[in-house]
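Anchor point for the sequence shown: position 34 equals 33 in the numbering used here, and the numbering is continuous, going up by one each time.
Note that CB positions come from ideal geometry on N, CA and C, so glycine has one too.
Just so you know, these numbers come straight off a predicted model, no measurement behind them.
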Amino acid sequence: MDRYSPVELLELFQRAQALFTDRVDAVDPDQWEDEALPGWTVADLVAHLIGEHLWAPPLLAGEPYDRIQVPDDTPTLLGDDPLTSWETAADGSLAAVAEDDALSRTVHLQRGPTPATQYVLEMTSDLTVHSWDLARATGGDRTLDEDLVTVALVLADQLPDDGVPGFFDPPLPVPASARPQTRLLARFGRKDD
C-alpha cells in the first residue's frame, strides 16, 4: 500500500470516521430499526462499525484475531447512546492507527497476516461505503468525500471481478464514464440513486 504515505492514510481514515460520525449523529430515534441493508437495520449497521473499530486497537497492538474478544450483538455494541458508543470506538481505533509505527506493523486477521496499511485502507473504505448506506437508509446526504471515494476505489480494484460473496452484493454494471462515487458503489453492489 505505497500509494498513500502513513500521514495521508491516517488523515483519510480520520476523515472517513468523521463522515460516518456525521451520519450516525443524524439518525432520528425512530430510524434505528429501519432497514439499512438486506438483513441489517440501521442499528445493526452502526453496531457493525462499532465492533470493527473495537477490534482495531488490539489488532494493531499485535494480538491475533482469535485472542480478541469483542461483543458481536447489536444491543451491547450500541449501548444506551449509539453515538457515544460509536465515538468511543472510533476514538480508540484512531488513537491506535495514529501510534508512531502502527502503519508499519502487520495485523493478524482471520485470513492471515496483513499489512496494517491494507487493514486501515479496508476500514477507510468500509466507513466510506457504509456512510452512504446509512445516509440512504435515513434520508441523509449521500454525497461522499471525493478523496475517500478515490481511496475506496483502490480497494475496490483489488476485489475479484465477481465481488466477495458473503461480504458484498455482486458488482453492478456501470459505464466506465460513470462518476467515481457511482463506480465505487456499483463495485460493492450498490446503486447510486
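8 Å Cβ cutoff met for residue i and residue j
i: Q117; j: Y64; result: no
i: H52; j: S92; result: yes
i: H129; j: F19; result: yes
i: L126; j: A15; result: yes
i: L158; j: R135; result: no
i: W193; j: V23; result: The displayed coordinates of the chain run from 0 to 192. Any statement about residue 193 would go beyond what the structure contains.
i: A55; j: M122; result: yes
i: Q195; j: D192; result: Residue numbering for the chain in the displayed model covers 0 to 192; residue 195 lies beyond these limits and cannot be assessed.
i: D168; j: G188; result: yes
Alpha-carbon to alpha-carbon, residue j and residue i
i: P5; j: P170; result: 30 Å
i: L44; j: T87; result: 16 Å
i: I49; j: R141; result: 21 Å
i: L9; j: A94; result: 10 Å
i: E98; j: S176; result: 39 Å
i: A101; j: D132; result: 29 Å
i: P57; j: I67; result: 7 Å
i: L154; j: T105; result: 18 Å
i: V26; j: L82; result: 9 Å
Minimum length 4: unbroken alpha helix (DSSP H) runs contained in the segment 27-78: 41-59 and 73-77
Whole beta strand (DSSP E) elements within the segment 90-155, 3-residue minimum: Restricting attention to beta strand (DSSP E) runs no shorter than 3 residues, the segment 90-155 encloses them at 105-108 and 111-114, ordered along the chain.
Contact between the segment 26-37 and the segment 142-156 (3+ Cβ pairs under 8 Å): no
The segment 99-113 touching the segment 68-77, judged by at least three CB pairs closer than 8 Å: With fewer than three CB-CB distances shorter than 8 Å, the segment 99-113 does not count as touching the segment 68-77.
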